[in-house]
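Right, one structure below, let's go through it.
Numbering (our numbering), first residue to last: 6 to 476.
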């Protein structure tokens, strides 16, 4: 018929939401040009209707053969659900009150050569809803077409990331970029992804955290720095974990974890305020950000929930205690890991309202300063828990190079003994510390979980546009 099925461009004058919003101004006055994907068609002889959807909003178009011409109407009769069209016309309303474009011209912009699984409803039942979760993840482009409401989650994700930047920029932080490919991985306890750097003829790793490079910048004289970056940990996939994830880390000279607790609380309330609410439904609970966040020491929480004061217990006695509680621990599981296991099993899911858990074992916190309260093997570290999940991790950062070397060497011994999540020895980082690292506080916040919290999503895949899936 001589119609080009895949156009080069189309000059829109309005979006669908703008036409709906400005109807009183636009009605029967000016010609508008709109474009979108056909989501429904009703053909009725020489006059027909269709609904087109732009980014998220549907709008009705009305076509009459004597208005758009025989050739264009013949084209319209060949169109299918899923085709992308452009049209121009006058804004009006039907007798039922629906805002409608009375079309004067039609152009095919892109032909859909695969059928779209459009949702149909009848007597309260839904058909062809493209509801299989895994298929939706695998074909996110189709999911976005059929279920446009999910775009709200990803629009909110973009806003939250921008608000993270706003919060830190307003406080004088500098956004920086550090290497994704690293010759030595560190800054967290995790298994890395490996790759080979041909130009340098050596093995490299995808970063598991930004921490050690950001601290190098602190040592170099930057007072406040942050990075929002992709991290990669070669570990399991579950409701809350994805091997490729986005994290915010920021560091500030001359502050400690007490200062950071106040600031992290302010940060979460800032994000909630930007959304315009102080309470949020998440994981089956109503989370209230209007109240002060609770602050509880880890060993106090353990005593409260396991019924025994385990602080100061020897590793042997602690192992027997864990076994008595039904936890599988053998001699390869160290003291710090046993504390974490007890916390994960008996405490974590009880922390519903925002709670700072403070003062962790030194054995699982090799980059944090020792506690100032005289307790042995306790460091100045906190994690923020909401609805039984961790959302932030922060330290008074260790700045003693002698202590840091000793701890990283201890971690190295654990790795040699088979703990593939133990941290590696980074000689260059310790060398940097030997030039003098000022007192520093540092925070890590998982962006994906942050979005889950503020959009009430239970699965991390629902806040990642293209999550990885098993074959």
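From the three backbone atoms N, C-alpha and C, an ideal C-beta is built for every residue, glycine too.
Within the same chain, 196, 197, 198, 248 come within 7 Å of residue 239 by CB-CB distance, once the 5 residues on both sides are set aside. DSSP, reduced to helix, strand and coil, places residue 401 within a strand of the structure shown. Secondary structure at residue 140: helix, using DSSP grouped into helix, strand and coil. Bridge pairing for residue 179: 230 [DSSP].
In its chain, beyond the 5 residues on either side, 19, 24, 37, 96 have a beta carbon closer than 8 Å to the beta carbon of residue 31.
With distances taken between CA atoms, residue 220 lies nearest to 255 out of 358, 255, 64, 49. Spanning the alpha carbons of residue 354 and residue 368 requires a straight line of approximately 23 Å. The Cβ-Cβ distance between residue 143 and residue 470 does not fall below 8 Å. In the DSSP annotation of this structure, the continuous segment of the beta strand (DSSP E) that includes residue 41 starts and ends at 36-49. Following the DSSP letters along the chain, one finds residue 68 in no alpha helix (DSSP H) but inside the beta strand (DSSP E) bounded by residues 63-69. Three or more beta-carbon pairs separated by less than 8 Å are not found between the stretch 279-290 and the stretch 401-417, which leaves the two stretches without contact. Ranked by Cα distance from residue 336, the options 178, 424, 252, 243 are led by 424. Counting along the chain, the unbroken alpha helix (DSSP H) around residue 272 starts and ends at 262-280. At the C-beta level, residue 448 and residue 392 stay beyond 8 Å of one another. Straight across, the Cα-Cα distance linking residue 375 with residue 145 is about 47 Å. Distance from the CA atom of residue 388 to the CA atom of residue 106, rounded to whole angstroms, is 54 Å. Straight-line measurement puts the Cα of residue 78 at about 11 Å from the Cα of residue 112. When the beta-carbon positions are compared, residue 22 and residue 62 come within less than 8 Å of each other. CA-to-CA, the gap between residue 108 and residue 273 works out to about 48 Å.
Rounded to the nearest whole angstrom, the CA to CA distance from residue 384 to residue 268 is 19 Å. Between residue 371 and residue 416, the CB-CB gap stays under 8 Å.
Under DSSP, residue 299 shares a beta bridge with 360. Bridge partners of residue 56 according to DSSP: 45, 65. Classified as exposed, residue 328 has fewer than 16 neighbouring CB atoms from the shown chains inside 10 Å of its CB.
Beta-carbon to beta-carbon, residue 244 and residue 42 are separated by about 32 Å, too far to satisfy the 8 Å threshold.
Take the alpha-carbon of residue 217 and the one of residue 476: they are about 35 Å apart.
Residue 375 has 384 as its beta-bridge partners, per DSSP. Residue state for residue 287 is assigned as strand, using DSSP reduced to three classes. Excluding its 5 nearest sequence neighbours in each direction, residue 344 has C-beta neighbours in its own chain below 6 Å: 366, listed in chain order.
In terms of Cβ geometry, residue 435 and residue 413 form a close pair [threshold 8 Å].
With a cutoff of 8 Å on beta-carbon distance, residue 54 and residue 67 are scored as near each other. As DSSP reads the structure, residue 201 sits in a beta bridge with 208. Going by beta carbons, residue 89 and residue 52 fall outside the 8 Å limit.
In this structure, 224 is the residue among 446, 346, 265, 224 with its C-alpha nearest to the C-alpha of residue 438. Counting along the chain, residue 409 sits inside the alpha helix (DSSP H) bounded by residues 406-421.
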